[in-house]
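>
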Amino acid sequence: MDRAEAARLLGIAPDAGPDEARRAFRTLIRRHHPDRAGAGAEATSARLIEAHRTLRAPPPPDDPGPTPPPGPVRRAPRPNASPPVDARADGDALVVRAEPEVVLARVVEAGHRLGEVTYLDRASGLVEVLLQVQDEGDDHPTAVSLVASLQGRAEAVEVFCTVERLDGHAAPPVAPLVAALASAMRGGDPVTRG
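According to UniProt numbering, the sequence shown is numbered sequentially starting from 1.
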């Protein structure tokens with residue numbers, strides 16, 4: 001999918017900025033996600049995700065070469081890029097004894113391990129991760145948005161987290177997702193069951 005097709009699919013101008021692309025994607029994925037629109041919406045939501053990824057990627061050079069055949073985007077597992085930090089879960093927050101820049105980098109790395117980082121504002125210390133969770137009793141996983149906000153403290157950085165389901169239903173408990181984020185930051189295997 002090229003950038004023009006991706007912009008057309010999201011209903012935005014080809015030269016739209018990342019914030020506009022993100023807003024359009026979130027609006028459309030809420031409407032067309034299989035959790036909300038039913039099983040027949042899987043192809044549409046996959047195309048929306050592909051369009052969003054295309055617009056988030058840096059623009060290609062003037063001569064990008066041959067276009068690969070269309071198909072699902074597969075991501076190789078990311079190895080831990082840096083040593084783990086001591087991230088302690090405390091309800092809806094993490095407490096991390098490290099420099100804020102290190103904590104932000106580790107939250108982003110952990111976000112990639114849990115799902116897909118869809119928003120990053122380094123200056124504000126905000127990270128959004130879209131991931132799949134499955135509550136007990138659910139037949140299939142559901143998509144959620146996990147937003148992490150970093151706050152510097154005297155001896156540590158606190159990472160406050162909120163969670164919202166993309167299908168509009170009540171959000172799952174945030175504490176298990178915070179624990180999974182902490183585990184991923186420490187280099188463990190994240191588990192994202194609510």
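All residues carry an ideal CB built from backbone N, CA and C; glycine is no exception.
Helix, strand or coil, according to DSSP, for V85 in the structure here?
If DSSP states are grouped into helix, strand and coil, V85 belongs with coil.
> Give the C-beta separation of A54 and A6 to the nearest angstrom, bearing in mind that I take them to be a contact with Cβ-Cβ under 8 Å.
Reading off the sequence shown, one finds Thr at residue 54, where the question assumed Ala. At roughly 4 Å, the Cβ-Cβ gap stays under 8 Å, so T54 and A6 are in contact.
> What residue range does the beta strand (DSSP E) around E158 cover?
Where E158 is concerned, the enclosing beta strand (DSSP E) stretches over 157 to 165.
> Closest to A21 by C-alpha separation, out of G38, G40, R3, E42, would be which residue?
Nearest C-alpha to A21: R3.
> Is it true that the CB of G168 sits closer than 8 Å to the CB of R56?
Result no, Cβ atoms of R56 and G168 do not sit closer than 8 Å.
> Quick one, are the C-beta atoms of E109 and V129 less than 8 Å apart?
Result no, Cβ atoms of E109 and V129 do not sit closer than 8 Å.
> Less than 8 Å separating the beta-carbons of L94 and E158?
Yes; because the gap between Cβ atoms is below 8 Å, this pair is in contact.
> Is the Cβ-Cβ distance between R122 and L104 less than 8 Å?
The answer is yes: Cβ separation under 8 Å.
> In this structure, does DSSP put S145 in helix, strand or coil?
Strand.
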